[in-house]
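S.K.: Numbering (our numbering), first residue to last: 933 to 1121. Take a look at the following structure, please.
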């Protein structure tokens, strides 16, 4: 199954073509650069089109000065950013102990973003109830939110109306679980 994004007047059309049990993800747009190819396992008979209004997604570039945990960072302007659509095990919640695979998720996030320029993409909501910016995070062409889920450092955790990449995250989590990657291998529920 191949998923290809085609530019449209109001956004991007996602088209799934049923070809095999795997589909390749390819992105094309001058303003939108998630990972250029990612393989997921998907049902072989799925055919549908989904409109995503991401052609006009706003984005900004900032330097990460500190990684708070696996899904939260601090920028050079002192703003904190919470990654949209994912959740990593807690490491800094004073009300509970460090959760299984939390330190590993924080370390992976450090390797991916600390000291680097990141591109931040918005969804519908700008901030969470704690005043943190809600963003999708990219380093170059690497979609960090998705990568953390794919490698088993995070699980999908979407809250409407911020659901732009929910399907991608769910498929990535399904594959990481099946392969017993990261927290899906190390942590017992």
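In this text, a Cβ means the ideal position worked out from N, Cα and C, and glycines have one as well.
Between the Cα of residue 1098 and the Cα atoms of 1063, 1017, 1076 and 1033, which residue gives the shortest distance?
M.R.: By one-based count along the chain shown, residue 1098 stands at place 166. It is 1017.
S.K.: Measuring CA to CA, which of 1026, 1068, 1048 and 1050 is closest to residue 1056?
M.R.: Here residue 1056 refers to the residue found at position 124 of the chain shown. Measuring from the Cα of residue 1056, the nearest candidate turns out to be 1068.
S.K.: In chain order, what residues of the same chain have a beta carbon less than 8 angstroms from the beta carbon of residue 1083, not counting five sequence neighbours either side?
M.R.: For the purposes of this step, residue 1083 is taken as the residue at position 151 of the chain shown. Correct list, in chain order: 1040, 1108, 1113 and 1114.
S.K.: What is the DSSP secondary structure of residue 1049, counted as helix, strand or coil?
M.R.: Within the chain shown, numbered from 1, the residue matching residue 1049 stands at position 117. Correct three-state label for residue 1049: strand.
S.K.: Please determine, among 1066, 1071, 1081 and 1080, the residue with the shortest C-alpha to C-alpha distance to residue 1092.
M.R.: The residue you call residue 1092 lines up with position 160 of the chain shown. Taking only the C-alpha atoms, the option nearest residue 1092 is 1066.
S.K.: Which term fits residue 1034, buried or exposed, when burial requires 16 or more other beta carbons within 10 angstroms of its beta carbon?
M.R.: Indexing the chain shown from 1 puts residue 1034 at position 102. The residue is buried, with at least 16 neighbouring Cβ atoms inside 10 Å.
S.K.: Report the option in 1081, 1008, 1006 and 1118 whose CA atom is closest to the CA atom of residue 1106.
M.R.: Indexing the chain shown from 1 puts residue 1106 at position 174. Of the listed residues, the one whose Cα sits closest to residue 1106 is 1081.
S.K.: DSSP state of residue 1115, grouped into three classes?
M.R.: Within the chain shown, the letter at position 183 stands for residue 1115. Of the three classes helix, strand and coil, the one that applies to residue 1115 here is helix, per DSSP.
S.K.: Give me the residue from 995, 1004 and 1077 with the minimum Cα distance to residue 1064.
M.R.: The sequence position of residue 1064 within the chain shown is 132, counting from 1. For residue 1064, the nearest C-alpha among the options comes from 1004.
S.K.: Please list, in chain order, all residues of the same chain as residue 1046 whose beta carbon is under 6 angstroms from its beta carbon, the five residues on each side excluded.
M.R.: On the chain shown, residue 1046 is found 114 positions in, with the first residue counted as 1. Excluding sequence neighbours, residue 1046 sits near 996 and 999.
S.K.: Measuring straight from C-alpha to C-alpha, what distance separates residue 1029 and residue 1023?
M.R.: Sequence index remark: in the chain shown, residue 1029 carries index 97 (1-based). Sequence index remark: in the chain shown, residue 1023 carries index 91 (1-based). Using only the alpha carbons, I get a separation of about 7 angstroms.
S.K.: Since residue 1085 and residue 1036 should fall inside the 8 angstroms C-beta cutoff, what is the C-beta to C-beta distance between them, to a whole number of angstroms?
M.R.: Within the chain shown, residue 1085 is the residue found at index 153, counting from 1. Within the chain shown, residue 1036 is the residue found at index 104, counting from 1. Residue 1085 to residue 1036, Cβ: 7 angstroms. Contact.
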